[in-house]
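What follows is one structure encoded as structure tokens, with my remarks underneath.
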Amino acid sequence: MSLQFTNVEKRLNDSLIFPTFNLQVGFSQVTAIHSSLNVRNILLQMITREVPIFNGEISIGETKISNVHLPDIGFSFLNEGLYERLTVIEQLNFYGKLYNTYEEISVILQKVHLEEKRNVRIKKLSYSEQRRIQFARLLFQNPYLLIFEEPDQNLDIETQRVLMIMLDELRAKGKSVLILTGSMESAVTLADKVYKLDEGGLHEIQVTEEAEMDSIKEEVTATVEIEKAEAIPVRFEKIPTKVNEKIILFDPPEIDYIESNDGQSYLHFKGEGFPTMFTLNELEERLQHFGFFRCHRSYIVNLQKVREVITWTRNSYSLILDDEKKSNIPLSKTKMAELKVMLDLK
Amino acid sequence: MTFSMKRVNAIFQKDFKDISRNSAVSVTVFMPLIIAFVMGKMNSNIAVEAHYTVINITLVVVGSFIQCCLIAEEKEKNTLRGLMLSPASTLEILSGKSLLSLIAMMIVVIIGAMMTGYKPENLLITASSILLSGLFYIGLGTLLGLLANSVMEASVIIMPFMLVFGFGSMATIFADKYPILKALDYTPNMQLMDIAAKVESGIGLGGVWWNLGIIVLWIIAIFALTVVVFRKKKMD
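Sequences listed follow chains A and B, in order. Numbering-wise (UniProt numbering), the first sequence opens with residue 1 and increments by one. Numbering-wise (UniProt numbering), the second sequence opens with residue 1 and increments by one.
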């Protein structure tokens with residue numbers, strides 16, 4: 001059974017939170033809705049029946065949400081508490097009895113990488129490890145529909161990998177997964193289908209790969225460009241951005257990465273995003289010979305800042321930057337091949 | 001949905017492990033035992049009223065306070081939402097918790113009675129009337145647990161009830177001066193003492209049914225109030 005939103009709309013007093021939209025969360029795939037905190041909370045409260053739905057209907061299969069048996073849905077909330085005085089194994093035992101499952105606890109412990117910590121009290125675990133216990137709960141519950149709230153916020157790399165593998169398994173088992181997040185990076189990295197929901201409505205964000213035919217062509221033009229740059233001795237290479245009425249100039253090497261969001265490009269510098277008037281294609285062309293790399297349809301990364309290339313599963317990758325936030329940039333499969341060539345890796 | 005003893009048991013075990021490691025709550029459990037110990041050492045021939053001061057304090061402190069803390073902590077630590085979205089029904093959650101409070105309460109009552117040297121004439125009537133009042137105190141704890149949002153609040157909210165039900169018998173001394181205090185005669189703790197006094201004078205079950213009836217009325221009242229508060233909280 002799949003989760004379906006039909007003409008769902010939310011107005012609060014005089015303001016429109018989001019207009020009517022239709023969305024179906026299909027089987028065997030991960031769907032992400034990128035939205036503000038406010039929209040996310042309202043969607044979650046609608047699904048858990050904490051706020052009534054005045055317009056439209058949310059349904060699971062043929063059943064309206066008001067008649068759905070909520071324990072059949074797997075929720076992973078961002079602020080979900082744990083019994084912090086229990087040890088890991090005691091907490092998992094409790095889940096096993098509560099959900100009455102026959103899943104082997106040792107198998108689940110292994111899946112969430114908590115075997116070594118099995119006798120440690122939960123309050124002594126790190127935030128990421130605590131989040132892994134929540135993921136373990138979902139494995140015990142084994143529902144057909146899973147809803148994650150900000151699944152990879154502030155997680156360490158190990159936990160992100162656990163999550164990636166878990167999502168892959170869920171896909172393979174034919175489950176429907178809905179991710180609600182405020183971070184475009186995690187939406188793009190985790191999900192197969194990404195939507196953006198705000199007061200302008202629901203828009204699908206294309207994450208499918210472009211034809212990669214022109215990549216070789218680009219490299220050729222890049223070398224031509226370098227020659228050109230040498231020919232013209234003074235060439236202004238700072239990238240202008242606009243903040244309120246001010247124009248701020250950035251030296252290419254200090255930019256961490258560039259992200260495209262809703263047709264607007266943002267330069268990311270020391271953890272802050274600055275809107276720029278150029279499109280990603282224009283920027284890609286201008287910045288290529290500074291060691292910038294188009295690692296994804298909506299991202300250009302400064303390769304000088306990349307610290308780590310992470311392979312989550314066979315076809316999903318991420319770049320970890322060396323900045324303060326240890327930003328996590330999605331790297332698409334086709335671009336991975338290109339990057340390997342650039343790094344002289346076979 | 002069916003009522004599953006397995007889930008009740010899971011919640012009972014989880015709460016038992018959790019609360020036994022919570023020093024703030026588990027220390028409170030020993031308070032009535034300390035009073036009982038001091039009393040037992042001070043005097044070897046204790047009046048029935050003194051025995052029942054210990055028992056009544058135990059009922060409030062262990063029964064109501066633990067029950068209240070168990071519920072309030074789920075709210076404070078944000079675990080209640082997850083529990084409510086699990087297959088366990090509200091009745092199963094509350095049963096698991098009540099079972100723990102009830103067992104802890106009875107154990108402390110028995111140890112306390114051994115320390116003060118209380119030997120009732122009719123063990124059956126005494127035990128069943130204590131158990132019956134226990135239900136009232138569990139209900140009271142559940143009600144307060146629904147109202148309190150943290151363990152901190154729980155320990156404050158329990159105070160007035162601890163005074164009335166634990167030490168109420170002392171106030172009846174002033175009943176001649178302030179007639180309003182006569183109302184205290186009908187509280188469950190005073191009824192319990194009344195039963196005990198009657199049992200000591202050799203009156204059987206026939207003489208105490210009136211007192212038991214009043215306790216049952218208290219139980220019905222507290223459970224009705226709890227259901228009303230629960231419904232109202234659910235609406236908000």
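Don't be surprised by glycine CBs; every beta carbon is placed ideally from N, CA and C. Predicted, not measured: the structure shown is a model, and the values here were computed from it.
Item: Counting only Cβ pairs nearer than 8 Å, list the residues of chain A close to B/K6.; Value: K97 and N100
Item: DSSP three-state label for A/H69, please.; Value: coil
Item: Are the stretch 86 to 101 of chain B and the stretch 8 to 21 of chain B touching by the rule of at least three beta carbon pairs closer than 8 Å?; Value: yes
Item: Exposed or buried, what is A/F140 when buried is set at 16 or more other beta-carbons lying within 10 Å of its beta-carbon?; Value: buried
Item: Within 8 Å of any Cβ in chain B, is that where the Cβ of A/Y83 sits?; Value: yes
Item: Check this for me: beta carbons of A/D152 and A/S106, under 8 Å apart or not?; Value: no
Item: Within 8 Å (strictly less), CB to CB, does B/D194 reach chain A?; Value: no
Item: Taking only three categories from DSSP, how would you classify B/A47?; Value: coil
Item: Just grab the DSSP bridge partners of A/D198 for me.; Value: A/G201
Item: At what residues does the alpha helix (DSSP H) containing residue 275 of chain B begin and finish?; Value: No answer is possible for residue 275 of chain B: it lies beyond the span of chain B, which begins at 1 and ends at 236.
Item: Taking the straight line between their C-alpha atoms, what separation do you get for A/M213 and A/V68?; Value: Confidence at A/M213 is low in this model, with a pLDDT of 42, below 50, so the placement of that residue should be treated as unreliable; the coordinate-derived value is given next. So the alpha carbons of these two residues sit roughly 48 Å apart.
Item: For my contact list, B/P188 and B/F223 are in at a C-beta cut-off of 8 Å; report their separation, rounded to the angstrom.; Value: About 13 Å separates the two Cβ atoms, so there is no contact after all.
Item: Where does the unbroken alpha helix (DSSP H) through A/I108 begin, and where does it stop?; Value: I105 to K111
Item: Verify whether the separation of the beta carbon atoms of A/L92 and A/L109 is less than 8 Å.; Value: yes
Item: Could you please give the first and the last residue of the uninterrupted alpha helix (DSSP H) stretch that includes B/L131?; Value: L123 to L147
Item: Assuming B/L184 and B/M190 form a contact by the criterion Cβ under 8 Å, report the distance between their Cβ atoms to the nearest whole angstrom.; Value: 6 Å
Item: Using 8 Å as the Cβ pair cut-off and three pairs as the minimum, do the stretch 146 to 155 of chain B and the stretch 62 to 81 of chain B touch?; Value: yes
Item: Tell me which residues share the same chain as A/L180 and place their Cβ nearer than 8 Å to its Cβ, disregarding the 5 neighbours each side in the sequence.; Value: A32, I33, S35, R40, L43, L44, I147, F148, E149 and E150
Item: Just to confirm the assignment, what range does the beta strand (DSSP E) spanning B/T172 have?; Value: Looking at the DSSP string, B/T172 is not in any beta strand (DSSP E), and its letter there is neither H nor E.
Item: At a CB distance below 9 Å, what residues from the stretch 76 to 88 of chain B approach chain A? Give them in sequence order.; Value: E76, K77, N78, T79, L80, R81, G82, L83, M84, L85, S86, P87 and A88
Item: Could you have a look at B/F161 and say whether DSSP puts it in helix, strand or coil?; Value: helix
Item: At which residues does the beta strand (DSSP E) containing B/P32 begin and terminate?; Value: Unbroken run through B/P32 is the alpha helix (DSSP H), S23 to M42; no beta strand (DSSP E).
Item: Is B/D18 close to chain A, meaning its C-beta is less than 8 Å from at least one C-beta of that chain?; Value: yes
Item: Can you grab the Cα-Cα spacing for the pair A/Y127 / B/V48, in whole Å?; Value: 54 Å
Item: In chain A, which residues lie with their C-beta within 9 Å of the C-beta of B/R21?; Value: R85, L86 and R121
Item: Between which two residues does the beta strand (DSSP E) holding B/V61 run?; Value: No beta strand (DSSP E) holds B/V61; DSSP gives it neither H nor E.
Item: Within 8 Å (strictly less), CB to CB, does A/P151 reach chain B?; Value: no
Item: Taking the runs of the alpha helix (DSSP H) that are 4 residues or longer, which of them lie wholly in the stretch 129 to 200 of chain A?; Value: 157 to 172 and 184 to 190
Item: Roughly how far, in whole angstroms, is the beta-carbon of A/K305 from the beta-carbon of A/L321, given that I think they are within contact range, below 8 Å?; Value: 5 Å
Item: Does any residue of chain A bring its CB to less than 8 Å from the CB of B/K119?; Value: no
Item: Which residues of chain A have a Cβ atom closer than 7 Å to the Cβ of B/A10, listed in chain order?; Value: F94, K97 and L98
Item: Touch check for the stretch 302 to 319 of chain A and the stretch 241 to 256 of chain A: three-plus C-beta pairs under 8 Å?; Value: yes
Item: What separation, rounded to the nearest whole angstrom, lies between the Cα atoms of A/D262 and A/I73?; Value: 32 Å
Item: Taking A/K326 as the reference, give the member of A/F292, A/S265 and A/L155 with the closest Cα.; Value: A/L155
Item: How far does the alpha helix (DSSP H) with A/I310 in it reach, from first residue to last?; Value: Per DSSP, A/I310 belongs to no alpha helix (DSSP H); it is in the beta strand (DSSP E), V306 to T313.
Item: Would you call the stretch 45 to 63 of chain A in contact with the stretch 8 to 26 of chain A, where contact means no fewer than 3 C-beta pairs closer than 8 Å?; Value: yes
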